[in-house]
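Student: Starting off with a structure, shown below.
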Amino acid sequence: MKSPQSPQPPSQPKPPKSKLMTQIHQLTQVVNGVLKINPKERVPKLEVRRSQKDKPEIYELVGDRYILGRSTGKCDIVVQTPLVSQVHAQLVRDRTQKKAQFILQDQDSTNGIYRQKQRLKSVPLRHKMTITLGPPELAEAATIRYIDPPPWYIRTVQYTGIGIGAIAGMLVLAIGYELSRVPDLKPLPVTQQGPVEVLAGDNIKRLDPTDIANHTEYASLGEFGKFIPQAVIASEDTSFYWNIGVDPVGVARAIVTNVRSRGERLEGASTITQQLARNLLGKTYVGTDDSAGRKWREAAAAIKLTFTYNKEEILRLYLNRAYTGYGVYGFKDAAKLYFGKEASELSLSEAATLVGLLPSPETINPFKNKNLAIEYRDRILNRMAELGMITDKDAERARRSVLILNEAAKTKLQGSVAPYYYSYVFEELQDILGDNFAREGNLIVETNLDLAMQKASDEALRDAVARDGSSYGFSQGAIVTVNSSDGSLLTMTGGVDYKASQFNRASQSLRQPGSTFKLFSYAAAIDRGISPSTTFSCSALSGIIGCHNGGSGAIDMYRGFALSENVVAIRVADSAGLDNVVKMAKNLGITAKLDETSNMVLGGNEVKILEMAGAYATVVNEGKYIKPHAIKRILDSTDCQNPKDRSTCRVIFDANTFVKPRQAIDAGVASTMVDMMRGVVQFGTGRSAAIPQGTVVGKTGTTDEGRDLWFIGAVPRRNLVTAVWLGNDEGVTSGSSAVAAQVWGDYMRQAVR
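Numbering (the numbering used here), first residue to last: 217 to 969.
Right under this line is the structure:
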């Protein structure tokens with residue numbers, strides 16, 4: 217029988233935990249029996265320093281209310297200094313704010329609380345705020361410092377904002393300073409867009425057409441019609457109507473693109489206004505050099521332009537002055553030149569074609585390369601459709617339109633004296649002055665063109681194609697003549713008929729040089745100390761037959777070069793080191809990519825004909841390299857003491873000053889190579905190049921299947937070096953280098969007279 221249980225008293229409800237205890241429970245954890253603050257929680261702290269000499273004591277503010285004072289019995293935070301009252305102040309957490317913060321309140325203390333020199337009754341505490349308990353000028357005054365840093369992400373935003381603000385402030389100040397330096401733009405600086413006058417070597421005969429030299433401009437934007445302004449904005453500056461002359465988004469995009477491409481693809485970010493600023497102030501303020509300083513000045517000038525003129529006026533000025541090729545400026549003159557119309561009469565297709573010229577007027581030119589011009593036209597049409605300027609249907613109709621050019625102007629341009637040479641002058645002009653300066657015009661260009669030799673060169677190539685082209689299966693060719701003593705380019709025939717094809721095979725085409733490349737292998741070997749009398753085996757190599765004499769013996773370098781023996785050339789190159797062969801080619805002016813293989817040794821890499829002529833000219837010139845150049849001098853036609861007297865104009869460029877010879881190879885090595893080349897004509901593969909007017913030295917070259925036929929030869933006593941190439945733009949021939957050597961001889965017999 218169970219004993220009766222004693223009655224239990226009724227259960228009493230547990231007292232609720234105070235808010236303080238709840239907070240302490242949340243903010244603390246027990247570690248090894250010791251209560252510690254949870255490291256994951258952010259707790260405000262108070263630094264208390266009894267005097268300036270004492271080290272601070274740190275109090276973690278877990279609760280909502282703290283009493284500060286000298287009394288150990290009444291105060292939570294005891295500060296025992298004479299200036300502090302028994303109960304001096306209290307800290308109270310204000311939870312009415314979104315982010316709870318502490319407020320320090322004076323408790324009718326004798327000496328008060330101070331922030332700097334201001335006595336306060338109460339003050340909300342902020343991170344790093346310092347308060348003095350008593351007048352701050354007294355050395356015994358105690359200080360408290362509140363520590364409550366915001367979260368890292370808030371600090372990051374704050375610091376980022378401060379940094380951006382500081383950078384923006386400095387940028388504004390820098391721009392303001394630079395704007396003060398920009399010349400006045402009202403009225404506009406006087407700039408004249410004029411022709412580029414190109415003279416032959418006699419400084420009399422003009423190569424450029426004279427009837428397009430008069431520059432005229434439209435007085436209003438509407439006269440350009442609807443399509444030209446739209447196409448220019450789509451192509452050059454889609455933010456034109458809202459930017460301040462520069463486009464920060466475009467600059468950032470260009471930087472990202474350039475960094476990602478690691479220099480392989482460079483993108484600019486010049487707005488229409490920047491281009492106009494460069495045009496107006498290029499010589500007086502902006503400058504013409506390709507530098508960050510120039511871009512900075514250009515941007516400042518563009519901003520000032522934007523605040524000086526309205527957008528329509530800026531666009532009108534730009535459309536009147538943009539360079540469009542052949543010494544022509546502005547879309548009014550361009551419309552007349554290329555299409556025989558006023559700009560307002562242009563179709564959408566024609567307008568887009570003209571705007572497509574802007575990146576490179578001498579290259580993307582419908583008179584020279586119609587297919588390339590159409591490709592750029594289509595890009596602009598697509599961009600206009602993307603921007604909603606035209607409908608997709610309009611773009612498609614324009615793409616499917618036949619481009620009818622001004623054939624009369626085209627014929628006149630193409631019928632000028634030495635059209636390939638004239639075209640090349642503008643390529644060289646841009647290399648010398650830079651695109652921007654070259655496009656400004658108002659230049660007189662004196663060239664090295666020898667009119668009589670040019671005529672003989674053109675006739676020699678035409679006669680060769682007419683006489684032997686069908687028999688040997690070639691339809692094209694190129695001839696270049698260089699004065700080896702000073703590098704002057706005397707002639708350039710870039711094709712059979714400029715009217716039929718404006719592609720310059722002499723300066724633009726990349727062709728395999730065949731055995732003419734052996735010059736570099738033999739020169740590298742001699743430079744490495746290998747005697748030209750050294751013999752090399754004639755036995756066959758893998759995939760390459762032995763010497764043409766059929767034997768398996770050995771021949772020296774003189775005979776191997778003269779007879780163009782491939783197996784000997786490969787063994788010579790191996791002895792010299794393929795890397796040294798490449799270095800030799802680069803030293804002599806070859807810029808193309810070369811592979812260190814036997815294929816390179818036999819002329820399997822593609823090179824430019826003009827550069828090969830320059831390399832051979834270097835050897836003839838005792839090893840001194842002088843880059844072949846068409847331009848002798850450039851004069852500024854806007855800066856003449858007497859506008860009618862060309863000799864009084866300021867000289868911008870003089871080849872005698874700027875084009876310096878460089879000792880590319882040892883003179884002894886060059887002399888030995890000239891001896892080797894003499895054997896090619898005397899008893900080797902180039903016998904048909906011999907002429908009665910002087911000793912000829914040179915080298916033949918034929919590539920696989922007769923695709924390229926070469927002869928590069930010189931008359932050393934006359935300082936004349938000429939490269940002849942025969943072939944087809946596509947396809948093989950049935951000829952040999954002997955045909956090229958014969959054309960060389962036919963031409964040079966006339967040229968040296």
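Positions of the beta carbon are idealized from the N, C-alpha and C atoms, including for glycine.
How is the beta strand (DSSP E) around residue 752 delimited, first residue to last?
Tutor: Here residue 752 corresponds to residue number 536 of the sequence shown, with the count starting at 1. Looking at the DSSP string, the run of the beta strand (DSSP E) that includes residue 752 is 751-753.
Student: Taking Cβ positions, are residue 742 and residue 760 nearer each other than 8 Å?
Tutor: Translated into positions along the sequence shown, residue 742 becomes position 526. Translated into positions along the sequence shown, residue 760 becomes position 544. Against a cut-off of 8 Å, the Cβ pair of residue 760 and residue 742 comes out as no contact.
Student: DSSP on residue 699, reduced to helix/strand/coil?
Tutor: By one-based count along the sequence shown, residue 699 stands at place 483. Three-state DSSP puts residue 699 in a strand.
Student: Ignoring anything shorter than 3 residues, give me the beta strand (DSSP E) runs that lie fully in the region 921-960, in order along the chain.
Tutor: Runs of the beta strand (DSSP E) inside the region 921-960: 924-931 and 936-943.
Student: Output yes or no for whether 8 Å exceeds the beta carbon distance between residue 668 and residue 694.
Tutor: The residue given as residue 668 occupies position 452 in the sequence shown. The residue given as residue 694 occupies position 478 in the sequence shown. Their beta carbons are not under 8 Å apart, which means residue 668 does not touch residue 694 by this criterion.
Student: Applying the criterion that 16 or more other CB atoms from any shown protein chain within 10 Å of the CB defines a buried residue, is residue 368 buried or exposed?
Tutor: What you label residue 368 is simply residue 152 of the sequence shown in a count that begins at 1. With fewer than 16 other Cβ atoms within 10 Å, it is exposed.
Student: Would you report the Cα separation of residue 237 and residue 281, rounded to the nearest angstrom?
Tutor: Counting from one through the sequence shown, the residue named residue 237 turns up at place 21. Counting from one through the sequence shown, the residue named residue 281 turns up at place 65. Its pLDDT being 46, under 50, residue 237 is placed unreliably by the model, and the measurement read from it follows with that caveat. For residue 237 and residue 281, the distance between alpha carbons rounds to 13 Å.
Student: Run through DSSP, which three-state label would residue 330 get?
Tutor: Here residue 330 corresponds to residue number 114 of the sequence shown, with the count starting at 1. Strand at residue 330.
Student: Hey, does residue 849 have any beta-carbon neighbour from chain C nearer than 8 Å?
Tutor: Here chain C cannot be found, since the structure has a single protein chain.
Student: Cα separation between residue 887 and residue 949?
Tutor: Locating residue 887 in the sequence shown gives position 671, where the first residue counts as 1. Locating residue 949 in the sequence shown gives position 733, where the first residue counts as 1. Their backbone Cα atoms lie some 34 Å apart in a straight line.
Student: At which residues does the beta strand (DSSP E) containing residue 359 begin and terminate?
Tutor: Here residue 359 is taken as the residue at index 143 of the sequence shown, counted from 1. Element bounds for residue 359: 358-363.
Student: Can you list the beta strand (DSSP E) stretches of 3 or more residues lying completely in the region 634-685, in chain order?
Tutor: Qualifying beta strand (DSSP E) stretches, in chain order: 659-663.
Student: Please tell me whether residue 736 and residue 828 are closer than 8 Å, where the distance is taken between their beta carbons.
Tutor: Here the question's residue 736 lines up with position 520 in the sequence shown. Here the question's residue 828 lines up with position 612 in the sequence shown. No, the Cβ-Cβ distance between residue 736 and residue 828 is not below 8 Å.
Student: Do the CB positions of residue 295 and residue 285 come within less than 8 Å of each other?
Tutor: By 1-based counting over the sequence shown, the position of residue 295 is 79. By 1-based counting over the sequence shown, the position of residue 285 is 69. Yes. Within cutoff.
Student: Is the Cβ-Cβ distance between residue 836 and residue 930 less than 8 Å?
Tutor: Along the sequence shown, read from residue 1 onward, the residue named residue 836 stands at position 620. Along the sequence shown, read from residue 1 onward, the residue named residue 930 stands at position 714. Cβ atoms of residue 836 and residue 930: closer than 8 Å.
Student: To the nearest angstrom, how far is the alpha carbon of residue 869 from that of residue 539?
Tutor: Residue 869 sits at position 653 when you count from the first residue of the sequence shown. Residue 539 sits at position 323 when you count from the first residue of the sequence shown. Near 21 Å, if we compare the C-alpha coordinates of residue 539 and residue 869.
Student: Ignore the nearest five residues each way along the sequence and tell me which others in residue 534's own chain have a CB closer than 6 Å to its CB.
Tutor: As a first step, residue 534 must be located in the sequence shown, where it is residue number 318. Same-chain partners within the cutoff: 488 and 492.
Student: If we call anything under 8 Å between Cβ atoms a contact, is residue 690 one with residue 951?
Tutor: Against the sequence shown, residue 690 aligns to sequence position 474. Against the sequence shown, residue 951 aligns to sequence position 735. Contact: yes.
Student: Can you give the Cα-Cα distance for residue 338 and residue 386, rounded to whole angstroms?
Tutor: Working through the sequence shown from its first residue, we reach residue 338 at position 122. Working through the sequence shown from its first residue, we reach residue 386 at position 170. So the two alpha carbons sit approximately 39 Å from each other.
Student: How is residue 346 classed by DSSP in three states: helix, strand or coil?
Tutor: Looking up residue 346 in the sequence shown gives position 130. If DSSP states are grouped into helix, strand and coil, residue 346 belongs with the strands.
Student: Given this structure, state the Cα-to-Cα distance separating residue 729 from residue 909, to the nearest angstrom.
Tutor: On the sequence shown, position 513 is the one that residue 729 refers to. On the sequence shown, position 693 is the one that residue 909 refers to. Cα to Cα, residue 729 sits roughly 27 Å from residue 909.
Student: Report the CB separation of residue 629 from residue 542 in whole angstroms; it is logged as a contact under 8 Å.
Tutor: Mapped onto the sequence shown, residue 629 falls at position 413. Mapped onto the sequence shown, residue 542 falls at position 326. Yes, they are in contact, since the Cβ atoms of residue 629 and residue 542 sit about 6 Å apart, within 8 Å.
Student: Specify whether the region 918-937 and the region 866-880 touch according to this definition: at least 3 beta carbon pairs, one from each stretch, less than 8 Å apart.
Tutor: The region 918-937 vs the region 866-880: no contact.
Student: Do residue 375 and residue 341 have their CB atoms nearer than 8 Å?
Tutor: Counting from 1 along the sequence shown, the entry for residue 375 is found at position 159. Counting from 1 along the sequence shown, the entry for residue 341 is found at position 125. Contact: no.
Student: Helix, strand or coil, according to DSSP, for residue 413 in the structure here?
Tutor: Looking up residue 413 in the sequence shown gives position 197. Note: residue 413 maps to strand in three-state DSSP.
Student: So, at 6 Å on beta carbons, what are the nonlocal neighbours of residue 967 in its own chain, with the 5 sequence-adjacent residues on each side left out?
Tutor: Along the sequence shown, one-based indexing puts residue 967 at 751. Cβ within range, chain order: 669 and 672.
Student: Mind checking residue 231: buried by the 16 CB within 10 Å criterion, or exposed?
Tutor: The residue given as residue 231 occupies position 15 in the sequence shown. Bear in mind that a pLDDT of 39 at residue 231, under 50, signals an unreliable position, so the model cannot answer this.
Student: What are the start and end residues of each continuous alpha helix (DSSP H) run of 4 or more residues lying completely inside the region 514-586, in chain order?
Tutor: Runs found: 527-537, 547-555 and 564-571.
Student: Using DSSP with H/G/I as helix, E/B as strand and the rest coil, what is residue 708?
Tutor: Locating residue 708 in the sequence shown gives position 492, counting from the first residue. Here residue 708 sits in strand by DSSP.
Student: Among residues of its own chain, excluding the 5 on either side of residue 248, which ones have a beta-carbon nearer than 6 Å to its beta-carbon?
Tutor: Walking along the sequence shown from the start, residue 248 turns up at place 32. Because residue 248 sits at a pLDDT of 45, beneath the cut-off of 50, its placement in the model cannot be relied upon, and the point is left open.
Student: Which partner residues of residue 841 appear in the DSSP bridge assignment?
Tutor: The sequence position of residue 841 within the sequence shown is 625, counting from 1. Paired residues: 878.
Student: In terms of alpha-carbon separation, which member of 582, 684 and 708 lies closest to residue 638?
Tutor: Within the sequence shown, residue 638 is the residue found at index 422, counting from 1. Selected option, being the one with the closest Cα: 708.
Student: What does the Cβ neighbour count give for residue 611, buried or exposed, with the cut at 16 atoms within 10 Å?
Tutor: Locating residue 611 in the sequence shown gives position 395, counting from the first residue. Classification for residue 611: buried.
Student: Ends of the alpha helix (DSSP H) at residue 891?
Tutor: Position 675 of the sequence shown, counting from 1, holds the residue named residue 891. Residue 891 -> alpha helix (DSSP H) spans 883-898.
Student: Is the separation between the beta-carbon of residue 444 and that of residue 574 shorter than 8 Å?
Tutor: Position 228 of the sequence shown, counted from the start, is the residue given in the question as residue 444. Position 358 of the sequence shown, counted from the start, is the residue given in the question as residue 574. Contact flag unset, no.
Student: When DSSP labels each residue in this structure, what does residue 609 get in the three-state scheme?
Tutor: Mapped onto the sequence shown, residue 609 falls at position 393. Correct three-state label for residue 609: helix.
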